[in-house]
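Take a look at the structure set out below.
Protein chains: 2
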Amino acid sequence: MTVQASPIRNVLFIMCDQLRWDAISCSGHSVIETPNIDRLAGRGVRFDRAYAQGAVCGSSRMSFYTGRYVQSHGARWNRVPLSIGQRTLGDHLRPYGLRTVLVGKTHHAPDRDSLAHLGLDPDAPENVYLMQCGFEGTERDDGLHPDQRNPFDLPYNRFLRANGFDVPNPWHTAANSVTDEAGNVVSGWLLRSSAYPAIVPNELSETAYMVDRAISFMSESGDDPWCMHLSFIKPHWPYVVSEPYHQLVHPNDLPATVRHDEERANEHPVLNAFQRSRIGSCFSRDEVRQTVYPAYLGLVKQIDDHLGRLFAALDAQGKTDETMIVFTADHGDYMGDHWMGEKDWFHDQSVKIPFIMVDPRPEADATRGSVSDQLVEAIDLAPTLVEAIGGDPSDLAHATWLEGRSLIPTLHESAETQLAASDEANFAETDFGYLEMSNHLPAGTTPEQMRATMVRTDRYKYILSEVGPNLLYDLHDDPDEFHDRAADPSLATVQAELHERLFAWYRQRDNTSTTVEPMRAASATPGDTANDGIVIGFWDEEELAAGLDGKLF
Amino acid sequence: MTVQASPIRNVLFIMCDQLRWDAISCSGHSVIETPNIDRLAGRGVRFDRAYAQGAVCGSSRMSFYTGRYVQSHGARWNRVPLSIGQRTLGDHLRPYGLRTVLVGKTHHAPDRDSLAHLGLDPDAPENVYLMQCGFEGTERDDGLHPDQRNPFDLPYNRFLRANGFDVPNPWHTAANSVTDEAGNVVSGWLLRSSAYPAIVPNELSETAYMVDRAISFMSESGDDPWCMHLSFIKPHWPYVVSEPYHQLVHPNDLPATVRHDEERANEHPVLNAFQRSRIGSCFSRDEVRQTVYPAYLGLVKQIDDHLGRLFAALDAQGKTDETMIVFTADHGDYMGDHWMGEKDWFHDQSVKIPFIMVDPRPEADATRGSVSDQLVEAIDLAPTLVEAIGGDPSDLAHATWLEGRSLIPTLHESAETQLAASDEANFAETDFGYLEMSNHLPAGTTPEQMRATMVRTDRYKYILSEVGPNLLYDLHDDPDEFHDRAADPSLATVQAELHERLFAWYRQRDNTSTTVEPMRAASATPGDTANDGIVIGFWDEEELAAGLDGKLF
Numbered sequence: 004m005t006v007q008a009s010p011i012r013n014v015l016f017i018m019c020d021q022l023r024w025d026a027i028s029c030s031g032h033s034v035i036e037t038p039n040i041d042r043l044a045g046r047g048v049r050f051d052r053a054y055a056q057g058a059v060c061g062s063s064r065m066s067f068y069t070g071r072y073v074q075s076h077g078a079r080w081n082r083v084p085l086s087i088g089q090r091t092l093g094d095h096l097r098p099y100g101l102r103t104v105l106v107g108k109t110h111h112a113p114d115r116d117s118l119a120h121l122g123l124d125p126d127a128p129e130n131v132y133l134m135q136c137g138f139e140g141t142e143r144d145d146g147l148h149p150d151q152r153n154p155f156d157l158p159y160n161r162f163l164r165a166n167g168f169d170v171p172n173p174w175h176t177a178a179n180s181v182t183d184e185a186g187n188v189v190s191g192w193l194l195r196s197s198a199y200p201a202i203v204p205n206e207l208s209e210t211a212y213m214v215d216r217a218i219s220f221m222s223e224s225g226d227d228p229w230c231m232h233l234s235f236i237k238p239h240w241p242y243v244v245s246e247p248y249h250q251l252v253h254p255n256d257l258p259a260t261v262r263h264d265e266e267r268a269n270e271h272p273v274l275n276a277f278q279r280s281r282i283g284s285c286f287s288r289d290e291v292r293q294t295v296y297p298a299y300l301g302l303v304k305q306i307d308d309h310l311g312r313l314f315a316a317l318d319a320q321g322k323t324d325e326t327m328i329v330f331t332a333d334h335g336d337y338m339g340d341h342w343m344g345e346k347d348w349f350h351d352q353s354v355k356i357p358f359i360m361v362d363p364r365p366e367a368d369a370t371r372g373s374v375s376d377q378l379v380e381a382i383d384l385a386p387t388l389v390e391a392i393g394g395d396p397s398d399l400a401h402a403t404w405l406e407g408r409s410l411i412p413t414l415h416e417s418a419e420t421q422l423a424a425s426d427e428a429n430f431a432e433t434d435f436g437y438l439e440m441s442n443h444l445p446a447g448t449t450p451e452q453m454r455a456t457m458v459r460t461d462r463y464k465y466i467l468s469e470v471g472p473n474l475l476y477d478l479h480d481d482p483d484e485f486h487d488r489a490a491d492p493s494l495a496t497v498q499a500e501l502h503e504r505l506f507a508w509y510r511q512r513d514n515t516s517t518t519v520e521p522m523r524a525a526s527a528t529p530g531d532t533a534n535d536g537i538v539i540g541f542w543d544e545e546e547l548a549a550g551l552d553g554k555l556f
Numbered sequence: 004m005t006v007q008a009s010p011i012r013n014v015l016f017i018m019c020d021q022l023r024w025d026a027i028s029c030s031g032h033s034v035i036e037t038p039n040i041d042r043l044a045g046r047g048v049r050f051d052r053a054y055a056q057g058a059v060c061g062s063s064r065m066s067f068y069t070g071r072y073v074q075s076h077g078a079r080w081n082r083v084p085l086s087i088g089q090r091t092l093g094d095h096l097r098p099y100g101l102r103t104v105l106v107g108k109t110h111h112a113p114d115r116d117s118l119a120h121l122g123l124d125p126d127a128p129e130n131v132y133l134m135q136c137g138f139e140g141t142e143r144d145d146g147l148h149p150d151q152r153n154p155f156d157l158p159y160n161r162f163l164r165a166n167g168f169d170v171p172n173p174w175h176t177a178a179n180s181v182t183d184e185a186g187n188v189v190s191g192w193l194l195r196s197s198a199y200p201a202i203v204p205n206e207l208s209e210t211a212y213m214v215d216r217a218i219s220f221m222s223e224s225g226d227d228p229w230c231m232h233l234s235f236i237k238p239h240w241p242y243v244v245s246e247p248y249h250q251l252v253h254p255n256d257l258p259a260t261v262r263h264d265e266e267r268a269n270e271h272p273v274l275n276a277f278q279r280s281r282i283g284s285c286f287s288r289d290e291v292r293q294t295v296y297p298a299y300l301g302l303v304k305q306i307d308d309h310l311g312r313l314f315a316a317l318d319a320q321g322k323t324d325e326t327m328i329v330f331t332a333d334h335g336d337y338m339g340d341h342w343m344g345e346k347d348w349f350h351d352q353s354v355k356i357p358f359i360m361v362d363p364r365p366e367a368d369a370t371r372g373s374v375s376d377q378l379v380e381a382i383d384l385a386p387t388l389v390e391a392i393g394g395d396p397s398d399l400a401h402a403t404w405l406e407g408r409s410l411i412p413t414l415h416e417s418a419e420t421q422l423a424a425s426d427e428a429n430f431a432e433t434d435f436g437y438l439e440m441s442n443h444l445p446a447g448t449t450p451e452q453m454r455a456t457m458v459r460t461d462r463y464k465y466i467l468s469e470v471g472p473n474l475l476y477d478l479h480d481d482p483d484e485f486h487d488r489a490a491d492p493s494l495a496t497v498q499a500e501l502h503e504r505l506f507a508w509y510r511q512r513d514n515t516s517t518t519v520e521p522m523r524a525a526s527a528t529p530g531d532t533a534n535d536g537i538v539i540g541f542w543d544e545e546e547l548a549a550g551l552d553g554k555l556f
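Protein chains in written order, with my numbering: chain A, 4 to 556; chain B, 4 to 556.
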């Protein structure tokens, strides 16, 4: 850092779940209007080539929260505990005096096995950060509450029961169910339900509730600085939304499905499995996409409207000018594109994310409203926030853990200077061995083989798949990623280079961050160990004396 | 495991520091006689192709103690703390009722930063295993105690002071110093001292003292089962040894130095740096080797003699038939071979280790005295011990952590059936950025580049070096590793295969072991998540009902 801007006071870190990078109007969506999110983009920088590190909630979020690649933090899928040996965003930010507060979802699984191993009480107040992914447990709600999980005590369920929906699990039977044309209550898990409005009205929706909670927190926090992680469950499924959002978009107005017959003709065993699996085959049906996508866009619009309330409250509290705002998502949603549904693979619909950052300080004035095509990643968030609140990401307390880089330089300069350098690359991982796809994969495929890693450079996307051949897309000639070029001899050199680049990336991953850099540097300084009495490689006193002068190294 | 042998009661895990695989007579050394170690080999199996995972004490030992590759445990060099998120041999063995006891060296650095982060008191009795690498702190001594480290309270120093060497640091001035021909006391760190006897007599040497402590522990332990890690500091430098061991071997009788002019002609920047650095250039001098190597062999002979006492005590206590014995080392010593000194690189002199296992049970009778050329590794020890004491290494409590495989099948069958399969391989890593070699490496080389990884197969040894080209040896045609064949076009395919193999190995390394396999398996079972209420990919009730029958996955 050359010039030190005055530190940011608060951080509002907004995450949507399963929000495609292109499902907001500032990214060019052809139908939906999201004026509040667009206004954020107008006040800050919108990163147009931002990627998640994992293509599923848990692994992606743990990369956001640790600032580390999945291979480094190890929580490779949903519900895989984050090792007690890791550190979170809260650990990096709290030393600067901010409260770190969660409102909504993290998908964090604490490392209960290690807590027990170390004799640490999971219920002790001092261990809350280990249990809540580095946040105070203000309002944790991971957003999926079927009856089987016995969610009677869920705060949102208590709220709904107090507001007229007095059933054991109104999350399911009211907020995520609908009444169909025959008057039957139908679960919102079923995709045909997306055509109907949710039983709860908009003001009692989970999205409204979370924004209410966020506004309450901001107002109650007084002058305490904070980093609030407002983490919406939506537009993640169940894809049902309250009136009037369920019918804002007419199916005929939807953008064309992004898919190509060549994709089905490709005999890649993993692509085939994704396409043929329950979810892929279901979302490849036109009725599904035409029913679900409008509700999905309605959920996004609903979020945008409530964000308008949130930003107005921030204004009213006089905190807009002292609060950095980040708007992003953990991953996208195929929504039938590429003959696939959900996420878990590496097309842009799945792994590319919306990423908007608003730095309210004067140093960022020059970049407001700009779009950066720098290749950025989820892991860049943590170092950016560290720098924003006055820390130095290169301090060892951060640098030994954080694998991303601060984006403050981009926010504080003209975005035109930040075009992607040819040596930039993004990396993402997936572990589809957790998915119910085994019937569609080659017999005998092991869980360890159901993995893949992506590297995306300025022009290419290369996917190393442990099952079947690797995949290569030329994003310049084929931005829709229809044509796998891995077998194209004219790209053999490109592919070999990307393969080596991925190998080098793996070799650079540390599994732990206990390496003590000052110790290493001292250890490697000629003469240092001998001065410390650890003498090896000297014949006699004369040679040692010369050595201690640094002459013999 | 098919047949279940009765569990072993005790484990005696003996490690020497810096003992070359070939510096014992059962491995064919041309001069030294080690009858007690040879007798162990006669009672058990000697593994003739065993490798350490790291070529330096700390990283190698952490692989022994965690059963994990260096890339997985993360303690990449001496004094790099072992992350609190890791588990040790003690964690794996103690649940079976064994005390795990340390007598000697571990080179373990506790993760004090994480202890503080978690609010754990390093001095609390319940945290001793975190501080002592999984062992009770019976007698910890990492063996290097220059005055600069203020080792006044070292138990061995107290012992020496009580036995006539009443100076502040008798470890240095008596046990590791000599009196030269002019009557001057000279530090044992200086290599010319190796020609003279240590000032302390044999019975007060560090080796004798550790064996005394081990015998005392065994006798005091009564009927409690134990795993004792007796970990000698020697024959690690300072290379001085008490009378008469200092002159057992005449310099003229030493085996020929294993080196070739072609090795100096090779312009590989890392090989050059090792050769030209202080240690390499020093040990390349004939006077150094001829002075130091005899003392080194004397230290080995001294260990062998004291092991005779130890084994006699084990016999006298009636525990020989209920005790598994392992004899090994953390790495070797170049001793001038390949124009190098110390260790840290991948020639067999450095990274190959002695590895003898004695299983006293009748099931092992058929293999006694045999030599196995199976490719085995340090990480195989932990699962072997788990199985020996009655555990099942495939139990998740072990299997989620341990990356090696149990060698009990080899010990319980005819060794002839255990020849190395063509798909076996050993892996080792080095991190020479901690060494004082920067003056000899290309300008601008970063610490991250000062790394290399080795894969050794039945026939080849391939070294991926982050600096300079990779290296390839054909061990069949060139067992001495004189001729780097990396540029040989006839081996291009072999090299490419080894390169890919190493890449696959990196991809298989997990940084943490929090993955919950039963959760993954359930998650991947078609229909399981839908049955758990997490429903996605179904249009209506009818489709869901069919799905819950497992028909649609």
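Ideal Cβ positions, reconstructed from N, Cα and C, are used throughout, including at glycine. As the structure is a computational prediction, the values presented were derived from the model and not from experiment.
The stretch 454-470 of chain A in contact with the stretch 459-477 of chain B per 3-pair CB rule at 8 Å: no
Partner residues on chain B for A:Glu345, Cβ-Cβ distance less than 9 Å: Ile539, Gly540
Any 3 or more C-beta pairs closer than 8 Å across the stretch 8-26 of chain B and the stretch 272-291 of chain B: no
For A:Leu101 and A:Ser224, the rounded distance between their alpha carbons: 11 Å
Contact check, B:Gly47 vs B:Ile537, beta carbons under 8 Å: no
Supposed close pair A:Ile87, B:Gly88 - CB separation, criterion 8 Å: 5 Å
Run of the beta strand (DSSP E) containing B:Lys237, from where it starts to where it stops: 229-238
DSSP-derived helix/strand/coil call for B:Thr91: coil
The alpha helix (DSSP H) enclosing B:Gln377, as first and last residue numbers: B:Gln377 -> not in any alpha helix (DSSP H); beta strand (DSSP E) instead, spanning 373-380.
Rounded straight-line distance, which links the Cα of B:Val34 to that of B:Val252: 7 Å
Boundaries of the alpha helix (DSSP H) in which B:Val354 is found, first to last residue: 351-354
Nearest-angstrom Cα separation, counted from A:Gly335 out to A:Lys108: 16 Å
Residue nearest to B:Ser280 in terms of C-alpha spacing, selected from B:His263, B:Glu345, B:Tyr54, B:Leu233: B:Glu345
DSSP state of B:Leu422 mapped onto helix, strand, coil: Residue placement at B:Leu422 cannot be trusted, given a pLDDT of 45 that sits under 50; the coordinates are not used to answer.
Where the alpha helix (DSSP H) through B:Ile282 begins and ends: 281-286
Beta-carbon gap between A:Ser234 and A:Ser208 smaller than 8 Å: no
Whole-Å CB distance - B:Glu520 paired with B:Leu399, under 8 Å assumed: 6 Å
B:Val188, buried or exposed, once every other Cβ within 10 Å from all chains shown has been counted against 16: exposed
Span separating the alpha-carbon of A:Thr449 from that of B:Thr496: 27 Å
Contacting positions in the stretch 320-348 of chain B - beta carbon closer than 9 Å to chain A: Gly344, Glu345
B:Asn205 (DSSP reduced to helix, strand or coil): helix
Nearest-angstrom Cα separation, counted from B:Gln352 out to B:Trp588: Coverage of chain B is limited to positions 4 through 556, which leaves residue 588 of chain B absent and any answer about it impossible.
Per DSSP, cross-strand counterpart(s) of A:Phe556: Partner(s): none; A:Phe556 has no beta bridge.
Burial state of A:Thr420, where buried means 16 or more other Cβ atoms lie within 10 Å: Annotation note: pLDDT 47 at A:Thr420 (below 50); position unreliable, coordinate value reported separately. A:Thr420 should be labelled exposed.
Residue closest to A:Tyr199, alpha-carbon to alpha-carbon, out of A:Leu302, A:Val170, A:Ile218, A:Met134: A:Leu302
Cβ-based contacts, 7 Å cut-off: residues of the stretch 225-246 of chain B near chain A: Trp240
Any C-beta of chain B under 8 Å from that of A:Glu451: yes
Among B:Phe349, B:Phe162, B:Asn160, B:Tyr299, the one whose alpha carbon lies nearest that of B:Ser197: B:Tyr299
C-beta neighbour in chain B for A:Ala499, strict 8 Å: no
First and last residue of the uninterrupted alpha helix (DSSP H) at A:Met522: 520-526
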